[in-house]
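Numbering (the working numbering), first residue to last: 5 to 544.
Shown next, in the form of structure tokens:
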């Protein structure tokens, strides 16, 4: 677990999911949560049960589907309604029913919001905080109170903002997080407010920081709050969030660990930060930002000239930290050395000892780099990477050979009376696959709600005759990314496919000139990997 003196609290699944264009499913959240746990954060805020149905479902499924080693789940919600009784408030009851050991309550701490948004009195708002926190604590929950609009409220009426914080602590809150909800603060103002509050309430109560990035200062504001006495920091991986986003939690933690010597993440999780940040980006289907601090593809990339000459002498001359501290690599654009360590470590994770095999590592590294230049990514496609590695090791199974495949999509327009045109009816997709497996030539036709779905059904239909294990495989997620949209309809497409057999889940990637060819490649990898790890002998 994290050090008891400092909390790292991730809110990617709740606050991060408010980003424009992001729509996380329950399956997405269940896939991201283990990655956050692997990163080593202390808290994972799962969502708002009772208010958002899929968040209620997430907490229900998390009870049996998530096993967390480092983090605890936190349910987010609000204090009771004005004039209500906390024990009878359905929203408060939903927080208890979620089963989360930690409940994070949002409460107004700005007089103007209390009177204009909540339309209640300042006294009633304090009672709402006190009643709700006390009830949750009495029910055995640890409570974090997010003091919404705290910095703006403190500047307008510091006595009332402080009273909200003190009411929460008096009722039993473990931590009160000071929220820059509008994201308008600058570091010196954050320092002044946290310092003044700390002096007023003393050194004991645990204060936290929640920063939005509207001034581009979310990370700097988080660091300023910590320097002024905050011991709990909130943020999102990759800085996801509404408007301009939240504080990028990885950047905040990397700065605190590598620049100030604090130890915040469990199990040296910072060393896996790059891989985890990119894997989460693939699940959200939002392209990683190449120039993102620490974990971006360009964070430690160097061109030729003076940089190259200096780096040959000492890499630290042009790098502020060792990139391996965050799981990244120094990248010389003309070098073939970048990435070997990552390949060796990933191979070890997959059960392959590649130590001392310099030629193999160089070959695999170059192949990965060439593939990535063509649009592939293996950050969230471990299964495809393992198959690539097995090919270079000469240990790649050959379960089947594809002779050909084709898809047909047909729509029959429905004539609109009195017009010369029609409206499209439901599209019908059909696919035919011809493969050789088990000494047979197998031909199968499948139908689906699209060409990719039809191809998947056709391939399963063919292979299931030889490999009945295929019947357990199920494609559970399918993400498409256009890699060079400026090319219009001629753009390269990347597809990420997630498959499960009910016990194991794996991800594969395909790239092609269109979504069908890219998906076909990813589906082929998915079936090969699934058969391999089901223990199926390709010789029959």
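Heads up, the beta-carbon is just placed ideally off N, CA and C, and yes, glycines get one too.
Terminal residues of the alpha helix (DSSP H) in which residue i lies
i           : result
residue 150 : Premise fails: residue 150 lies in the beta strand (DSSP E), 146–152, not in any alpha helix (DSSP H).
residue 193 : 191–205
residue 393 : 386–397
residue 256 : 253–264
residue 282 : 277–288
residue 33  : 30–43
residue 214 : Run containing residue 214: none in the alpha helix (DSSP H); it sits in the beta strand (DSSP E), 210–215.
residue 56  : Where residue 56 is concerned, there is no enclosing alpha helix (DSSP H), given that its DSSP letter is neither H nor E.
residue 226 : 222–231
residue 293 : No alpha helix (DSSP H) holds residue 293; DSSP gives it neither H nor E.
residue 481 : Counting along the chain, residue 481 falls outside any alpha helix (DSSP H), though it belongs to the beta strand (DSSP E) covering 478–486.
residue 71  : Looking at the DSSP string, residue 71 is not in any alpha helix (DSSP H), and its letter there is neither H nor E.
Own chain partners of residue i with C-beta closer than 7 Å, once the 5 adjacent residues on each side are dropped
i           : result
residue 85  : 93
residue 47  : 11, 13, 14, 75, 76, 78 and 106
residue 218 : 186, 187, 188, 247 and 248
residue 339 : Interpretation of residue 339 is limited by its pLDDT of 31, a score under 50 that renders its predicted location unreliable; the figure taken from the coordinates is listed afterwards. Once the five neighbours on either side are set aside, residue 339 has no close Cβ partner at all.
residue 197 : 155 and 158
residue 473 : 535, 538 and 540
residue 273 : 42, 43 and 44
residue 451 : 433, 434, 458 and 461
residue 137 : 109, 147, 149, 172, 175, 176 and 177
residue 341 : Unreliable placement is indicated for residue 341, whose pLDDT of 37 sits below 50; no coordinate value is reported for it.
Residue i and residue j closer than 8 Å at C-beta
i           : j           : result
residue 150 : residue 109 : yes
residue 330 : residue 275 : yes
residue 17  : residue 37  : yes
residue 487 : residue 526 : no
residue 165 : residue 157 : yes
residue 115 : residue 124 : no
residue 172 : residue 133 : yes
residue 212 : residue 240 : no
residue 215 : residue 250 : yes
residue 479 : residue 439 : no
residue 245 : residue 395 : no
residue 80  : residue 51  : yes
residue 104 : residue 96  : no
residue 237 : residue 9   : no
CA nearest to the CA of residue i, picked from the options
i           : options               : result
residue 327 : 215, 350, 303 and 321 : 303
residue 391 : 383, 401 and 384      : 401
residue 378 : 498, 56, 266 and 441  : 498
residue 375 : 69, 233, 409 and 516  : 516
residue 381 : 447, 352 and 289      : 289
residue 184 : 409, 300 and 112      : 112
residue 66  : 446, 33 and 332       : 33
residue 263 : 221, 287 and 298      : 298
residue 199 : 210, 362, 232 and 207 : 232
residue 454 : 512, 477 and 519      : 519
residue 483 : 352, 9 and 385        : 385
Unbroken beta strand (DSSP E) run spanning residue i, endpoints
i           : result
residue 48  : 47–51
residue 81  : 76–82
residue 498 : 497–504
residue 412 : 405–414
residue 14  : 11–14
Presumed contact (8 Å Cβ cut-off) between residue i and residue j, rounded CB distance
i           : j           : result
residue 470 : residue 444 : 7 Å
residue 460 : residue 433 : The Cβ separation is near 11 Å, so there is no contact.
residue 348 : residue 365 : 6 Å
residue 140 : residue 147 : 5 Å
residue 411 : residue 435 : 5 Å
residue 387 : residue 522 : So it is not a contact: roughly 15 Å between Cβ atoms.
residue 509 : residue 533 : About 11 Å separates the two Cβ atoms, so there is no contact after all.
Beta-carbon proximity list for residue i, same chain, < 6 Å, skipping 5 on both sides
i           : result
residue 170 : none
residue 481 : 502
residue 39  : 280, 283 and 284
residue 72  : 41
residue 194 : 225, 228 and 229
Same chain only: Cβ atoms within 8 Å of residue i, ignoring 5 sequence neighbours per side
i           : result
residue 399 : none
residue 356 : 393 and 397
residue 227 : 191, 256, 259 and 260
residue 291 : 285 and 485
residue 310 : Because residue 310 sits at a pLDDT of 46, beneath the cut-off of 50, its placement in the model cannot be relied upon, and the point is left open.
residue 143 : 100
Proximity test, residue i beta-carbon vs the ligand GDP heavy atom, cut-off 7 Å
i           : result
residue 252 : Although the ligand GDP was asked about, the structure shown includes no ligands whatsoever.
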